[in-house]
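Quick note: the sequence shown uses our numbering, first residue 51, plus one each step.
Just so it is clear, CB atoms sit at the ideal spot from N, CA and C, and this is done for glycine as well.
Please read these numbers as outputs of a predicted model, since none were measured by experiment.
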Amino acid sequence: MNIKKNSIGDDFMSLKEEIISSIENSVLKYESKEYFRNPIVGFSSADNPLYEELKDIIGPDHLHPKDILPTARTVVSFFIPFSQIVVDSNIESSTVSYEWAKSYVEANKLINQISGELVDYLRNKNIDAATIKATHNFDEKTLKSAWSHRSAAFIANMGKFGLNRMIITKAGCAGRFGTVIISAHIPIENEENAEYCLYYKNESCQKCVESCPQNALSPDKEFDRFKCNDLLLKNADEYSHLGLCDVCGKCVVSCPFAVIKS
C-alpha cells in the first residue's frame, strides 16, 4: 500500500496501525527484550498549542516540533515499560540495581533503534520524519532538555504527571519514552487521561518523595534537578562499564503505579 503525503481518512487510520505495529515489532525482536513489556503509542498534532507553551514551562530553548521538522503535522510518542523483574530489583536494592542500570542503557538503545527504523519505513512511503535521541539532549548548565519526551507524551494523552515528575501511563511510569515527528496527518483521538497519582488525587501518598535519596522532590518546592543530577553522576561512575548510565529511579519504583498490568 502506497500512502501519499497528503492523503486523509481511512488511509491514515491504516498508517496509524502500521506505526504502532512497527514499534511493537521492534521491541519484540530486540535482543534484550526481557527487560521490557509491550510498548504503548500515542499521537498528537504538531500544531497543538501546548507545544508552544513548553517554551514558557520548560524554557525558551525547548524546541517546537516544527523546529525539528518544518513539515511536521503529527508527533508520535511511545513508551517502553520496564518489566516487573527490573522494577522489583531496584526496590529490593538500597542502591541502584544492576538490572535497573542495564535496562536504562538498553532502553535508550532500543528507542534510538525504533526511531531510526520508523523513519526509514516512513520515508519509503514518501513521508518526511525526524528522530529525537532518547536522552542527553539537555543543557549541562541548566539541566533542561531541548525536547521533553514526557511532555510530548502528556500532550498525546498518554498519561498525567505524578508527584515524581514521571508520566503515569496505563502501563505505569517505570520505563522510557521516545518521539518521532512526521509530516503525515493522523487523526487524534481525544481520550481523557486517568489520574493515577494518589497525591494529586487525594494527597494520600508521597512515597516518591520519601524514597528520594537526595531529598530532591517535594510537594511544596520546585524539583531540585541539581541535587538529583549529583547522584545520577555518581551512579554513572559505578556503572560506567555498561555505557552512559546516569540513573537512580527510586522515585519511580516506589510509586504504587510503577507497573500497571492490563
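- Sixteen is the threshold: since fewer than 16 other Cβ atoms of the shown chains lie within 10 Å of the Cβ of PRO110, the residue is exposed.
- Where GLY209 is concerned, the enclosing beta strand (DSSP E) starts and stops at 209-211.
- Along the segment 186-242, the beta strand (DSSP E) occurs as fully enclosed runs of 3 or more residues at 209-211, 217-219 and 225-232, listed in sequence order.
- In chain order, HIS112 place their CB closer than 7 Å to the CB of LYS105, counting only its own chain and leaving out the 5 sequence neighbours on each side.
- Around SER195, the same chain offers ASN187 and PHE188 as residues with beta carbons nearer than 6 Å, after the five sequence neighbours per side are excluded.
- Nearest to THR192 by C-alpha distance, out of ILE108, SER94, ASP138 and LYS175, is ILE108.
- ILE177 sits in coil when the DSSP states are folded into three classes, being neither helix nor strand.
- Three or more Cβ pairs closer than 8 Å define a contact, and the segment 122-137 meets that threshold against the segment 218-229.
- Looking from the CA of THR181, the closest CA among LYS175, GLU190, ASN174 and LEU168 belongs to LEU168.
- The secondary-structure analysis by DSSP pairs ILE130 across a beta bridge with ARG226.
- Non-local beta-carbon contacts of VAL297 in its own chain, meaning distances under 7 Å to residues more than five positions away in sequence, involve VAL146, TRP150, ALA151, TYR154, LEU282 and ASN285 in chain order.
- Secondary structure of PHE307 (DSSP, three-state): coil.
- For SER95, the enclosing beta strand (DSSP E) covers residues 90-95.
- Remark: C-beta atoms of SER127 and ALA203 approach each other more closely than 8 Å.
- Inter-residue distance for SER139 and GLY166 is about 30 Å (C-alpha atoms, whole angstroms).
- Bounds of any alpha helix (DSSP H) do not take in CYS298, whose DSSP letter is neither H nor E.
- Secondary structure at VAL155: helix, using DSSP grouped into helix, strand and coil.
- Of the other Cβ atoms in all chains shown, fewer than 16 fall within 10 Å of the Cβ of ASN265; this residue is therefore exposed.
- Only residues of its own chain outside the window of five on either side were considered, and among them ALA179 and ILE232 have a CB closer than 7 Å to the CB of LEU172, listed in chain order.
- Under the DSSP definition of a beta bridge, PHE86 partners with PHE132.
- In the three-state DSSP reduction, VAL125 falls in the strand class (E or B).
- Closest by C-alpha distance to SER312, out of SER82, PRO89, SER304 and HIS114, is PRO89.
- In this structure PHE307 touches TYR246 by the C-beta definition: roughly 5 Å separates them, less than 8 Å.
- At a Cβ-Cβ threshold of 8 Å, PRO120 and TYR101 do not count as neighbours.
- Counted as a single uninterrupted DSSP element, the alpha helix (DSSP H) harbouring PRO99 occupies residues 99-107.
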